[in-house]
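Before any comments, here is the structure.
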DNA sequence: AATACAAGTAAGTAAGCACTCACTTTGTCT
DNA sequence: AGACAAAGTGAGTGCTTACTTACTTGTATT
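Residue numbers (this note's numbering), protein chains in the order written: chain A, 7 to 223; chain B, 7 to 223.
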């Protein structure tokens, strides 16, 4: 077993697994900032503090390095359990049919997550534009189940006679549109919040109120 | 004056201006598909049916070619007049304070435009991620005035006592979120409409109804 | 202390990139 | 017909890229 040794604060040697993970972290950061094509293996090596040869010892090709991100960043999915399924507040709100809490809590958690993982949002956008597999995987494993989840709650509330008879998927799209577009504005287009500067709580509250008043009977 | 000559359907020689515009059109297409970094001057030359040297006769550098797009694609702005300002239906709806028509017509026109100019949406996304100037320009010349336009109508209707007292910009963001997120889904994430397959008219109708019920007193 | 193996590197290679230059072809105008 | 300018090219340039090879260094175990 090799051990990490420090000398004047500069790491000299690492165990294989540690180095592998470090290179991966650097790669994720650079891919999210500059895209796949805009990131060179040389830059990845430099920022990892090793020679380019080491990058290729751990990952046979640049493509393999990209693919390894798929395993590392599992789209926020914990061994098959989706984040809204294991959120106790969300589950309670659904059980109680507390519409406001269901949508407010979902929106807030989503926007908080976007805020703490800007890299992933940029990675997703790049992967779609540059035509890599990450976006497809995310769509199948995350977005599709999400439409199912929110859609079925809305259908339930329509049967309860509380929501108007609108195609549930359109309601889901409207709500996700508000949330995702807002996050995209904050992360990408208007980082300085010159158009609109509100807290996640305020945004979640307003989006939820507009949606619920919009679909309630 | 040179003239375009055809031989067996293959264009042999073009006037300078014609060739310049053709190269620009090809470049726009390729940049929108593969991004700036993903597009080579060789490919641009090939698809334009000329040698690489000709590309550099018309545009000194690849960067200059990108910048020329800014003049060509003026973001849908006709010498300073924004599309919603010259739309007669929109102006009529605003004069009559017909809320449904104001929002429905805006949403429909926007989504129709997105549909016919997918290239521009991809170009915008790429330009933001790859950090080019196009997105900045679009933001200042188009998005900012749009918030002003919709925001001031909403404020007016709040003073009329028809809309609830919500920060107008939040309402604008909610509405644009529905529209843009829907277009982005259609163009980028879900081209096959596997999640939701509705016409622009249906989408505009539903988004408008949800928003107006959401903000009306 | 010797060994053995993993971590690490310097210095490549071939292909691809943006960009150049010396040159040829073509249409127009006297 | 001959001169001239503009349209067009082939064969480069030097640089960067992903990836390789032959080699050195460090350390845990015997």
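For glycine and all other residues, C-beta sits at the position ideal for the given N, C-alpha and C.
Return the residues of the segment 20-45 of chain B that lie within a Cβ-Cβ distance of less than 7 Å from chain A, sorted by chain order. 41, 43 and 44
CB contact check: residue 219/B to chain A, cutoff 8 Å: yes
Quick check on residue 128/B: buried or exposed, where buried means 16 or more other Cβ atoms within 10 Å of its Cβ? buried
Along the chain, where does the alpha helix (DSSP H) that runs through residue 47/A open and close? Segment 47-54, the alpha helix (DSSP H) holding residue 47/A.
Comparing C-alpha positions only, which one of 170/B, 192/B, 152/B and 34/B sits nearest to residue 179/B? 152/B
Contact list for residue 52/A against chain B, beta-carbon separation under 7 Å: Contact note: residue 52/A does not reach chain B at a C-beta cutoff of 7 Å; the least C-beta distance is about 19 Å.
For residue 25/B, which residues of its own chain have a beta-carbon under 8 Å away from its beta-carbon, when the five flanking residues on both sides are left out? 54, 56, 60 and 64
Can you tell me which residues form a DSSP beta bridge with residue 31/A? According to DSSP, which records beta bridges pairwise, residue 31/A is partnered with nothing at all.
For residue 105/A, count neighbouring C-beta atoms within 10 Å of its own C-beta (all shown protein chains included) and say buried if the count is 16 or more, exposed if not. When all chains shown are included, residue 105/A counts as buried.
Residues, ordered as in the chain, of the segment 135-165 of chain B that lie near chain A by beta-carbon distance below 8 Å: 135, 136, 141, 145, 149, 150 and 153
Buried or exposed, going by whether 16 or more other CB atoms sit within 10 Å of the CB of residue 163/A? buried
At least 3 beta-carbon pairs within less than 8 Å: the segment 115-130 of chain A vs the segment 138-147 of chain A: yes
Please name the residues in the segment 165-180 of chain B whose beta-carbon is closer than 9 Å to at least one beta-carbon of chain A, in chain order. 170, 172, 173, 175, 176, 177, 178, 179 and 180
Give a yes or no on whether 8 Å exceeds the smallest Cβ distance from residue 206/B to chain A. no
Report back the beta-carbon spacing between residue 30/B and residue 74/B to the nearest angstrom; my notes put them in contact at under 8 Å. 6 Å
Check residue 140/B in the structure and name its three-state DSSP category. helix
Along chain A, in chain order, which residues have C-beta atoms closer than 7 Å to that of residue 87/B? Those do not exist, as residue 87/B stays about 22 Å from chain A at its closest Cβ, beyond 7 Å.
Counting C-beta neighbours from all protein chains within 10 Å, is the total for residue 187/B 16 or more, i.e. buried, or is it exposed? buried
Pull up the distance between the alpha-carbon of residue 41/B and that of residue 48/A, whole angstroms please. 21 Å
Nearest to residue 91/A by CA position, among 71/A, 184/A, 20/A and 112/A, is which residue? 112/A
Cα-Cα separation, residue 72/A to residue 43/A: 11 Å
Contact between the segment 109-123 of chain B and the segment 164-175 of chain A is defined here as three or more beta-carbon pairs at a separation below 8 Å; is this criterion met? no
If contact means a Cβ-Cβ distance below 9 Å, which residues of the segment 180-202 of chain B contact chain A? Cβ contacts with chain A come from 180, 181, 182, 183, 184, 185, 186, 187, 188, 190, 191, 194, 195, 196, 200, 201 and 202.
Which bits of chain B does residue 5/A rub up against, with CB to CB less than 9 Å? There is simply no residue 5/A to check, as chain A begins at 7 and stops at 223 in what is shown.
Under a CB-based cut-off of 8 Å, is residue 213/B close to chain A? yes
According to DSSP, which residues form a beta bridge with residue 222/B? DSSP lists 169/B as partners of residue 222/B.
Residue 133/B, DSSP secondary structure in three states: helix
Please confirm if residue 216/A has its CB atom under 8 Å from at least one CB of chain B. yes
Relative to the C-alpha of residue 86/A, which candidate in 100/A, 96/A, 98/A and 144/A has its C-alpha closest? 144/A
Residue burial classification, residue 45/B (beta-carbon count within 10 angstroms, cutoff 16): buried
Local conformation of residue 101/B per DSSP, three classes: helix
Determine, using beta carbons only, whether residue 49/B comes closer than 8 Å to chain A. So no, residue 49/B is outside the interface.
Going by Cα to Cα distance, which pick from 133/A, 89/A and 219/A is closest to residue 194/B? Ranking 133/A, 89/A and 219/A by Cα distance to residue 194/B puts 133/A first.
Between residue 128/B and chain A, is the shortest Cβ-Cβ distance under 8 Å, so that the two count as touching? yes
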